[in-house]
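Take the numbering used here: the final residue in the sequence shown is number 256, and no numbers are missing along the way.
Backbone N, C-alpha and C define an ideal beta-carbon position, used for all residues, glycine too.
Remarks on the structure that follows.
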Amino acid sequence: MQYCSGELPQLASECAIINSLNSILFLINFTASLIDFLSTAARAKIIGSQEVHVKKGSTISLSCVVNVHASSISWYHGVSIVDFDSARGGISLETEKTEGGTSSRLMLTRATLRDSGNYTCVPTGAISASVQVHVLNGEHPAAMQTSSGVPCPTHQALILLFVSLNSCNVSKLIFFISNLLETVRFLLTTTIANFLVHIRRLAASFGALRHSKATGYVLLTLASIGTHLRIALPARSTAPDRLQPPSQDSVRTQSR
């Protein structure tokens, strides 16, 4: 990635403008990649409210739609997959292919208090979606939300997210991350280059002044780092000033 280093003092302002424009272009590209990833990624969506309240003994009905033709859709209760052959019984799943994607409907008859919790629709090759179910035992829904509502833990959501990603979404995610890293790399490179430019100018300005050997050594060492890193630094039109030897007064003071 090319950037302007401002080798001539008269070009310093132009280089600052160019570097600012390059930074803006990188940020625009990064934002566009993020929007593209979020808008085109295959994902599931819960139909209806994100929180469902049902009475004990009634039927729990959960539905989700996917914006692609998913090969299969699974449902999770917490981090455990819903087992249709479990001893609980009364569990059914309907999956239908539509023109715009796939729809899934999970039904659990004779709801019990143990059926409360987070349910996640996990399509193959798409981002999952979750819904919170509260089975009421005569409580008011508002009281149930404050007493028994258990949100999905963060680690569970992350596990289900990685389970639902396919190669297409992974490639988009990698492209998004690469753009992020490229933007950070460019900004860091530009910042370091400008820092070394100022260090070199500082060393040049201090060369005309009387300073200690240690200070001059540090400044010139920092300037040489930029040269070894092959970062373009402003060329000096005159020969470098040699370090001034310490005065006799300072020598006498140090020897006392």
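- Message: Quick check: R110 and G48, are their CB atoms within less than 8 Å of each other?
- Response: Taking the sequence shown and counting its residues from 1, one reaches residue 110 at position 110. Taking the sequence shown and counting its residues from 1, one reaches residue 48 at position 48. Against a cut-off of 8 Å, the Cβ pair of G48 and R110 comes out as no contact.
- Query: Which partner residues does R110 have in the DSSP bridge list?
  - Reply: In the sequence shown, the residue the question calls residue 110 occupies position 110. R110 pairs with nothing; no bridge assigned.
- Simplified DSSP state of T257, which is helix, strand or coil: No information on residue 257 is available, as it lies outside the stretch 1 to 256 that the chain covers here.
- Query: So S63 is in the beta strand (DSSP E); what residue range does that whole segment cover?
  - Reply: Locating residue 63 in the sequence shown gives position 63, where the first residue counts as 1. From DSSP, the beta strand (DSSP E) with S63 extends over I60 to V66.
- Query: In chain order, what residues of the same chain have a beta carbon less than 7 Å from the beta carbon of H69, not counting five sequence neighbours either side?
  - Reply: Counting from 1 along the sequence shown, the entry for residue 69 is found at position 69. These residues qualify, in order along the chain: K97, G101 and T102.
- Compare the beta carbon distance of E51 and Q132 with 8 Å and say whether it is the shorter of the two. Within the sequence shown, numbered from 1, the residue matching residue 51 stands at position 51. Within the sequence shown, numbered from 1, the residue matching residue 132 stands at position 132. Closer than 8 Å, so yes.
- Task: Can you tell me which of the three DSSP states A239 falls into?
- Result: Here the question's residue 239 lines up with position 239 in the sequence shown. Reliability fails at A239, whose pLDDT of 43 lies under 50, so the model's placement of it is uncertain and the value that follows must be treated cautiously. Residue state, collapsed to three classes: coil.
- Range covered by the beta strand (DSSP E) that runs through Q50: The sequence position of residue 50 within the sequence shown is 50, counting from 1. Unbroken run through Q50: none, as it is neither H nor E.
- Residue span of the beta strand (DSSP E) that contains A129, given as start and end: Reading the sequence shown from its first residue, position 129 is the one you call residue 129. A129 to L136 is the extent of the beta strand (DSSP E) around A129.
- Query: Between the C-alpha atoms of S80 and L180, what's the straight-line distance to the nearest angstrom?
  - Reply: Working through the sequence shown from its first residue, we reach residue 80 at position 80. Working through the sequence shown from its first residue, we reach residue 180 at position 180. Approximately 34 Å, taken between the alpha carbons.
- Task: Find the nearest neighbour of I177 within the set F30, L93 and F26, judged by alpha-carbon distance.
- Result: By 1-based counting over the sequence shown, the position of residue 177 is 177. Among F30, L93 and F26, the Cα nearest to that of I177 is on F30.
- Item | Same chain, Cβ closer than 7 Å to S74, neighbours up to 5 away in sequence not counted | Locating residue 74 in the sequence shown gives position 74, counting from the first residue. Answer for S74: I81 and V122, listed in chain order.
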